[in-house]
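Asks: Below is a structure I'd like to ask you about.
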Amino acid sequence: MSVHTTMPESPTSLRDGEPHLTSLNLPCIAEQYAELAKLAAQKEWSHIDYLATLLEGEANLRHDRATQSRMRLARFPVIKPLEQFRWAWPTRMNRLQVQNHGRLAFLHDKANLIFLGGVGLGKTHLATALGYAACLQGYSGLFPSAIDVINTLAAAKSTGRLKAALKKYTQPALLILDELGYLPIDKGGADLLFQVIALR
1 MSVHTTMPES PTSLRDGEPH LTSLNLPCIA EQYAELAKLA AQKEWSHIDY LATLLEGEAN
61 LRHDRATQSR MRLARFPVIK PLEQFRWAWP TRMNRLQVQN HGRLAFLHDK ANLIFLGGVG
121 LGKTHLATAL GYAACLQGYS GLFPSAIDVI NTLAAAKSTG RLKAALKKYT QPALLILDEL
181 GYLPIDKGGA DLLFQVIALR
């Protein structure tokens, strides 16, 4: 069985094609094609250049929407890029090493990072910055506190849904456990947290 696509015998107005743009989910092209056509005529763009510019705008819009979706699902407490970190405090941090982690090689290597230090030194800021960078590069992420993970898994275990609940923490490419060690954890909580780390 073969399928043939036929081209129209005569050109149609782009206005006639707007329903197709909607059904194909091309909102950027639908919004920009008319104004861009005027600009293309003024600048004497070729048809290929005009089409390429429309497609680039649509691709950029989809990339931005996907990034925003990943950031929303990651549930960052705040968005703080690495560029906003105050490197003057604490004074003994290895700045080059931390900035190198911003390249996200540890994700490719499936390695773990641990930020260890007292309260107020910027651990959460640095962890958020790495998560933000990961979202920009197309990785999924999740940013819960260790206690939230334990409470969620304990509730799921009590109702026989532990296996399904664990997937929430094993599926994202990057899991950032905040406030680990901030509050005491009993053996049951430690066992649940260990399952997450072991599965990842």
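Start counting the sequence shown at 1; every next residue gets the next number (our numbering).
From the three backbone atoms N, C-alpha and C, an ideal C-beta is built for every residue, glycine too.
Owing to the predicted nature of the structure, the values given are computational and were not obtained by experimental measurement.
Per DSSP, what kind of secondary structure is SER46 in: helix, strand or coil?
Replies: coil
Asks: State yes or no: is the C-beta of GLY141 within less than 8 Å of the C-beta of ARG70?
Replies: With respect to ARG70, GLY141 sits close: the two C-beta atoms are nearer than 8 Å.
Asks: Let's test the definition: count the other Cβ atoms within 10 Å of the Cβ of ILE29 and tell me whether it reaches 16, buried, or not, exposed.
Replies: buried
Asks: Whole angstroms are fine: how far does the CA of LEU104 sit from the CA of LEU55?
Replies: 29 Å
Asks: State the DSSP-derived secondary structure class of LEU113, mapped to helix, strand or coil.
Replies: coil
Asks: Please determine, among LEU175, LEU183, ALA40, PHE76, the residue with the shortest C-alpha to C-alpha distance to LEU199.
Replies: LEU175
Asks: For LEU204, does the three-state DSSP call read helix, strand or coil?
Replies: Here the chain comprises residues numbered 1 to 200, so residue 204 is not present and cannot be evaluated.
Asks: What number of angstroms, rounded off, separates the C-alpha of HIS47 from the C-alpha of ALA146?
Replies: 55 Å
Asks: Thinking C-beta only, is LEU113 closer than 8 Å to ALA173?
Replies: no
Asks: Taking Cβ positions, are PHE85 and GLY122 nearer each other than 8 Å?
Replies: yes
Asks: Run through the region 31 to 104 for me and flag every whole alpha helix (DSSP H) of 4 or more residues, listed as ranges in chain order.
Replies: The qualifying runs are 47 to 74, 95 to 101.
Asks: Below 8 Å, how does it come out for the region 177 to 190 and the region 145 to 161: are there three or more Cβ pairs, yes or no?
Replies: yes
Asks: If I'm right that LEU180 touches ILE150 with Cβ under 8 Å, what's the distance once you round it to whole angstroms?
Replies: Actually they are not in contact, since the Cβ atoms of LEU180 and ILE150 sit about 10 Å apart, beyond 8 Å.
Asks: Given this structure, state the Cα-to-Cα distance separating GLN61 from PRO184, to the nearest angstrom.
Replies: One detail in the question is off: residue 61 reads as Leu in this sequence, not Gln. Spanning the two alpha carbons is a distance of roughly 45 Å.
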